[in-house]
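To start, the structure itself, in structure tokens.
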């Protein structure tokens, strides 16, 4: 705004008037269409201009090689990483440790050149390049100029490598979609590699389940209280029980009582609870549920009915606290709300109520019959919520 005001003051010296551009109003478009309207007798050509076309085949995009590159620079060192993806989905990672001082842009060029060289070794003819560096992408596309003297040799060498492909494209991609190359570059930058060390190719396997699944023991047919019952019968501990397990078993056995082959547990109120296995528990639960369904169904119905009535009463009380009671008697002056069926040109400035009217008759359901001030009765009644009292 300051620049526009400054230019406007400078233009006044040359008798030039600055007129700001205004937005096109909807009414101006309507006036233009009304002024240049088409006559009703104007013939309309409904013929299809390309009647000779019988079928249009959609061009299918064949899968091509794709390349993702990235760099990583930290306090440990610098590294570049790239990933070549074949049309059938195979990934070929390429990474390198940068053992010299460089900037972020130089490292990005190193990563891109490294991957292009790998693509040339694979004899790739068509390649799609994706990178997170907007500088390299737009400089390669020719939209930005290369002004830094350090980047000019890299840019020229990159163009020379691009001539080895029949078709190559450069596209910017966010870092969230380039995580594989970013991970390779970070790995190369963090690794400490000395001369003579040999690093084998990195293989990544996909585990679809936890490792301990192969060590799960099969469940036995014995009940859960088998160790407690054997200890009460024979006084022997289970095999492979250590000192802590024996102490726990002795403490648990104090709360159980054995009567023949049936084991009971002493509760806090001196009631004996029978210990049952999984099969007996299913039968007991089924019998209990069946009993409740047959004998307690009426009680549950009454309970649900009482709960529903209490809920409705609470909702009614909460609603009535905000309701203002109104009464209309015959002879009262009221205003009727206008229901705009068609849009009004005045918009929000249009009237919301019309009248006044005189209440002629009221009904218990909320309907009110109105009449004009001269006594003419309206044809249809209105609801009480659509009128309000008028005080002259």
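Numbering (the working numbering), first residue to last: 178 to 569. No residue lacks a Cβ here, since even glycine has one placed at the ideal position from N, Cα and C. Just so it is clear, the structure is predicted and the values come from calculations on it, not from any experiment.
Take residue i as the anchor and find which of the options has the nearest alpha-carbon.
i	options	result
residue 265	285, 243 and 343	243
residue 505	559, 529 and 280	559
residue 530	536, 540, 499 and 563	563
residue 314	249, 437, 331 and 267	331
residue 444	350, 432, 437 and 436	432
residue 339	451, 355 and 305	305
residue 303	496, 346, 290 and 337	346
residue 457	399, 526 and 357	399
residue 536	522, 526 and 551	551
residue 272	427, 263, 291 and 510	291
residue 268	246, 286, 281 and 565	246
residue 357	262, 333 and 427	262
residue 547	568, 510 and 569	510
residue 567	427, 295, 412 and 513	513
Please report the straight-line C-alpha distance between residue i and residue j, rounded to a whole angstrom.
i	j	result
residue 475	residue 561	43 Å
residue 360	residue 322	30 Å
residue 251	residue 341	33 Å
residue 352	residue 309	6 Å
residue 380	residue 258	16 Å
residue 335	residue 274	20 Å
residue 491	residue 480	17 Å
residue 442	residue 478	36 Å
residue 408	residue 447	22 Å
residue 555	residue 508	15 Å
residue 191	residue 183	14 Å
residue 301	residue 187	60 Å
residue 420	residue 453	28 Å
residue 532	residue 499	27 Å
residue 382	residue 299	24 Å
residue 355	residue 180	42 Å
residue 278	residue 297	27 Å
residue 414	residue 449	24 Å
residue 515	residue 544	17 Å
residue 206	residue 539	50 Å
residue 293	residue 241	15 Å
residue 416	residue 437	24 Å
residue 528	residue 495	33 Å
residue 487	residue 418	58 Å
residue 307	residue 326	24 Å
residue 455	residue 365	57 Å
residue 281	residue 287	10 Å
residue 553	residue 501	30 Å
residue 208	residue 565	41 Å
residue 522	residue 542	36 Å
residue 159	residue 320	What is shown of the chain runs 178 to 569, which leaves residue 159 out entirely.
residue 569	residue 493	35 Å
residue 482	residue 497	23 Å
residue 197	residue 289	48 Å
residue 391	residue 412	Because residue 391 sits at a pLDDT of 46, beneath the cut-off of 50, its placement in the model cannot be relied upon, and the following sentence gives the value as read from the coordinates. Approximately 35 Å between the Cα atoms of the pair.
Tell me the DSSP bridge mates of residue i?
i	result
residue 247	258
residue 560	544
residue 531	513
residue 348	307
residue 189	Partner(s): none; residue 189 has no beta bridge.
residue 537	Answer is none; residue 537 lacks a bridge partner.
residue 554	548
residue 271	259
residue 565	512
residue 184	Residue 184 pairs with nothing; no bridge assigned.
residue 242	304
Residues in the same chain with beta-carbon distance under 7 Å from residue i, minus the five sequence neighbours each way, listed in chain order, please.
i	result
residue 284	248, 250, 255, 257 and 275
residue 410	435
residue 549	534
residue 402	440 and 452
residue 343	302 and 303
residue 393	A caution first: residue 393 carries a pLDDT of 46, below 50, which makes its placement in the model unreliable, though a value can still be read off. Correct list: empty, nothing qualifies.
residue 422	none
Within the same chain, show all residues whose beta-carbon is closer than 6 Å to that of residue i, passing over the 5 residues directly before and after it, in chain order.
i	result
residue 185	195
residue 363	249
residue 329	323
residue 524	none
residue 484	none
Leaving out five residues on either side along the sequence, give the residues of the same chain with a beta carbon under 8 Å from the beta carbon of residue i.
i	result
residue 311	349
residue 424	none
residue 318	347
residue 429	405
residue 189	none
Please give me, in chain order, every unbroken run of the alpha helix (DSSP H) with length at least 4 that falls completely inside the stretch 429 to 508. The qualifying runs are 455 to 472 and 474 to 497.
What are the start and end residues of each continuous alpha helix (DSSP H) run of 4 or more residues lying completely inside the stretch 274 to 331, in chain order? The alpha helix (DSSP H) runs lying completely inside the stretch 274 to 331 and spanning 4 residues or more are 281 to 298 and 311 to 318, given in chain order.
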